[in-house]
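If you read the sequence shown in our numbering, its first letter stands for residue 230, the second for the next number, and so on.
Just so you know, even glycine gets a beta-carbon here, dropped at the ideal spot from N, CA and C.
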Amino acid sequence: MLLLSRSNFLNGMYVVMIIRKHFFIIATLITPWLVLPPVSAMDKGWFNTFTDNVAETWRQPEHYDLYVPAITWHARFAYDKEKTDRYNERPWGVGFGQSRWDDKGNWHGLYMMAFKDSFNKWEPIGGYGWEKTWRPLEDDHFRLGLGFTAGVTARDNWHYIPVPVLLPLASIGYGSATFQMTYIPGSYNNGNVYFAWMRFQF
230 MLLLSRSNFL NGMYVVMIIR KHFFIIATLI TPWLVLPPVS AMDKGWFNTF TDNVAETWRQ
290 PEHYDLYVPA ITWHARFAYD KEKTDRYNER PWGVGFGQSR WDDKGNWHGL YMMAFKDSFN
350 KWEPIGGYGW EKTWRPLEDD HFRLGLGFTA GVTARDNWHY IPVPVLLPLA SIGYGSATFQ
410 MTYIPGSYNN GNVYFAWMRF QF
């Protein structure tokens, strides 16, 4: 029992070290966006809109979020069976973020997560997410979302070199709980992974 507790403690410390290391990298990448001067609505292009949304989410969050990775699934049609048999599909980890809803009811979030990847190694990821949100029922606590995330990740098998990512997002939520997901495209025996997590809003 003591060995298990010590192992969990060391794993936890390792996750904290990875998050601290790569949070600096992510912060370095997004800081220029946060200090850009405001641009009038008429002059805004897509990039200025994007950076303004990132900056506003950073400066004026409405909520703080807890992320709990739930599942990874390697598309069986895109992998040899011997690979999927040995890959990890339980991405233990945790993440934190901050978010807001804009005047159109759409979601914006900044986040940082660390989880166990396909090889059971720690993988950090952080960035900005946006979702167009629909509330199709009379109960407006229920919602559906579709959007994207742009950020940076790093993997053990890539020697933890930061790699930019641009991925789709989708979600279904009720109240403060949201089941959010993405799909990592790829080629045969590479990529083609479904990744999902719970997001709890405070």
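Residue span of the beta strand (DSSP E) that contains residue i, given as start and end
i, result
"residue 330", "322-330"
"residue 412", "406-413"
Coarse secondary structure for residue i, derived from DSSP in three states
i, result
"residue 309", "coil"
"residue 279", "helix"
"residue 268", "Bear in mind that the predicted position of residue 268 carries a pLDDT of just 46, short of 50, making it too unreliable to give a figure here."
"residue 291", "coil"
"residue 374", "strand"
Which residues DSSP lists as bridging residue i, in chain order
i, result
"residue 394", "380"
"residue 303", "422"
"residue 435", "Past the boundaries of the shown model lies residue 435; the chain is included only from 230 to 431, so the question cannot be answered."
"residue 345", "351"
"residue 223", "Coverage of the chain is limited to positions 230 through 431, which leaves residue 223 absent and any answer about it impossible."
"residue 363", "373"
"residue 274", "According to DSSP, which records beta bridges pairwise, residue 274 is partnered with nothing at all."
"residue 399", "375, 410"
Rounded Cβ spacing between residue i and residue j (contact assumed at less than 8 Å)
i, j, result
"residue 339", "residue 361", "In fact, because the Cβ distance is near 18 Å, the residues do not count as touching under 8 Å."
"residue 352", "residue 319", "Going by Cβ atoms, the distance from residue 352 to residue 319 rounds to 13 Å, so no, they are not a contact pair."
* Specify whether the region 313-325 and the region 397-404 touch according to this definition: at least 3 beta carbon pairs, one from each stretch, less than 8 Å apart. => no
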